Amino acid sequence: MTYSVPKVAGEVEVDVGRDQNRAQWPLWEVFIRQKRGLSHVHVGSLHAPDSETALLSARDVYTRRVEGISIWVVASTDITASDPDDADAFFESIEKPYRHATHYEIPDEVGQM
Amino acid sequence: MSTEALNHGDDNLVIAQRLAEWVSRGPDLETDIALGNIALDHLGVARALLSHASENDGGHEDDLAMLRSEREFTNLLLCEQPNGDFAQTIARQFLFDAYQLGLWDSLSKDTDVTIAGVAAKALLEARYHFRFSSSWVIRLGDGTAVSRRRMEAGLSQVWRFVDELFEQYPDLRPAWDRRVDDVLTEATLIRPTDPFQRRGGRDGFHTEHLGHLLAEMQSTARAHPGVSW
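In the order they appear, the protein sequences are chains B and E.
If you use our numbering, the first sequence corresponds to residues 1 to 113, in order.
If you use our numbering, the second sequence corresponds to residues 1001 to 1229, in order.
Set out below in structure tokens:
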């Protein structure tokens, strides 16, 4: 189906391919809490020019088939991530039983902790 | 046959078909999906209303959608206008969404229980659609010089179909004006005027665009009459 696109006086054609940096919108990470979920989960990322558009896009792209109850969008540049190559040094080995309170018995009145 | 159900069913069917033309042609992935989602929302409303419209005749929603000619379609002229560029599509959607907000709110109190039910659900969808379309009107209007000119051009193209929206529901006009003006102000756009308002959709008198739209939409069903999908 073809349709005519109105020409606008003085418009300059931008070659998007040549300058990716200028054409690229910022990247946002998307976290969604589902209706049946307990916390926000990272579901993916998207490009958007600003936070409101990022929010609407996240709703359109990531809650099509699953009912969401809350969406967070965070600019990717605001996220500081640990280095995966450094993981074995950065994270504790679990073989440190002296860090756990395994010998303490929780009274029934307290319930699940 | 319920005229009201038929009219609003046709509005939503035709605009759904228009938005579907954007699928795989969107300016970016997220917008492509967004327009597809909005199209599906409209289509869902169309199906519910056309089913309801054909109930008493023992007919079927598919027959209404696929076998009627353009003289039998009762949709508003605004809905059948071509997509043009993204700005024109947004202009058409924005004006229609502002109308549907008032319409569904009013129809959710309709005496016809089916229509009231459809309207209540459609109102929630219309609130999202309006947020999406007005958000783009603002960004394109208050954007670059090029985006502003395209947004102005888009609104001018479809402004001649505004009065027809309120022929059956004149009470909805003041709230629509306020809603639209608030967004145009934030978008730093001037409200268009067009003294040559077009009408006739409800009576089956359409612009030249509907014929092409129906030919494309109905061609497969008409090529295989009676087939079940």
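Even for Gly, the Cβ is constructed at its ideal location relative to N, Cα and C.
Everything numeric in this text was worked out from a predicted model, so none of it was measured.
Member of the options whose CA lies at the smallest distance from the CA of residue i
i	options	result
Leu1076/E	Ile1038/E, Glu1004/E, Ala1116/E	Glu1004/E
Ala1020/E	Phe1166/E, Ile1033/E, Asp1097/E, Glu1125/E	Ile1033/E
Leu1214/E	Ala1065/E, Asp1011/E, Glu1055/E, Thr1185/E	Ala1065/E
Pro1195/E	Gly1204/E, Trp1229/E, Ser1156/E	Ser1156/E
Ile71/B	Glu29/B, Glu95/B, Ser82/B, Gly111/B	Glu29/B
Ser57/B	Glu67/B, Val66/B, Ser45/B, Arg65/B	Ser45/B
Arg1131/E	Glu1152/E, Leu1078/E, Leu1101/E	Leu1101/E
Val1158/E	Val1146/E, Ala1046/E, Arg1199/E, Leu1067/E	Arg1199/E
Val74/B	Asp50/B, Gln24/B, Ile94/B, Asp108/B	Asp50/B
Same chain, Cβ closer than 8 Å to residue i, five either side skipped, listed in chain order
i	result
Val41/B	Phe31, Ile32, Arg33, Gln34
Gly1204/E	Glu1070, Arg1071, Glu1072, Phe1073, Thr1074
Leu1006/E	Leu1049, Leu1050, Ala1053, Leu1064, Thr1074
Leu1067/E	Gln1218, Ala1221, Arg1222
Exposure of residue i, with buried meaning 16 or more beta-carbon neighbours within 10 Å
i	result
Gln1197/E	exposed
Val1183/E	buried
Tyr1099/E	buried
Glu1216/E	exposed
Phe90/B	exposed
Ile69/B	exposed
Thr115/B	The structure shown does not extend to residue 115/B, since chain B is modelled only from 1 through 113, so no value can be given for it.
Arg22/B	Residue confidence is low: Arg22/B scores 47 on pLDDT, short of 50, so the model does not pin down where it sits. Its coordinate-derived value is still stated next. By the 10 Å Cβ count, Arg22/B comes out exposed.
Phe1073/E	buried
Asp60/B	buried
Phe1152/E	Here the sequence assigns Glu to residue 1152/E, which means Phe is not the residue at that position. Flag for Glu1152/E reads buried.
Tyr62/B	buried
Ile106/B	exposed
Ser946/E	This structure leaves residue 946/E out entirely; chain E is present only between 1001 and 1229.
Ala1223/E	exposed
Glu1080/E	buried
His1129/E	buried
Trp1229/E	exposed
For residue j and residue i, the rounded distance between their alpha carbons
i	j	result
Ile1015/E	His1042/E	7 Å
Met1/B	Thr1220/E	Reliability of the predicted coordinates at Met1/B is poor, the pLDDT of 47 falling under 50, and the value obtained from them is presented with this limitation in mind. Rounded to whole angstroms, Met1/B to Thr1220/E spans 15 Å at the Cα level.
Val8/B	Arg36/B	49 Å
Gly1026/E	Ser1133/E	15 Å
Val43/B	Trp1136/E	25 Å
Ile1038/E	Asp83/B	40 Å
Ala1087/E	Glu1030/E	16 Å
Leu1049/E	Thr80/B	50 Å
Leu1095/E	Gly111/B	56 Å
Ser1069/E	Val1023/E	25 Å
Leu1078/E	Val12/B	30 Å
Phe1161/E	Gly1084/E	16 Å
Lys1121/E	Ile1115/E	10 Å
Thr1207/E	Arg1092/E	15 Å
Gly1059/E	Leu1123/E	27 Å
Gln1168/E	Leu1210/E	21 Å
Leu1013/E	Thr53/B	27 Å
Arg1148/E	Asp1110/E	40 Å
Gly1141/E	Ala48/B	17 Å
Close-in-space but distant-in-sequence residues of the same chain around residue i (CB under 7 Å, 5 per side omitted)
i	result
Ser1051/E	Glu1061
Ser39/B	Arg33
Gly1009/E	Ala1046, Leu1049, Leu1050, Ala1053
Trp1176/E	Ala1098, Tyr1099, Gly1102
6 Å Cβ shell around residue i - same chain, five flanking residues per side excluded
i	result
Glu1125/E	Asp1041
Glu1186/E	Ile1138
Arg1191/E	Leu1184
Gly1154/E	Ala1087, Gln1088, Ala1091
Leu1189/E	Gly1141
Inset, instruction - May I ask you to verify whether the segment 1100 to 1112 of chain E touches the segment 1154 to 1172 of chain E, counting CB pairs closer than 8 Å and requiring at least 3? - result: yes
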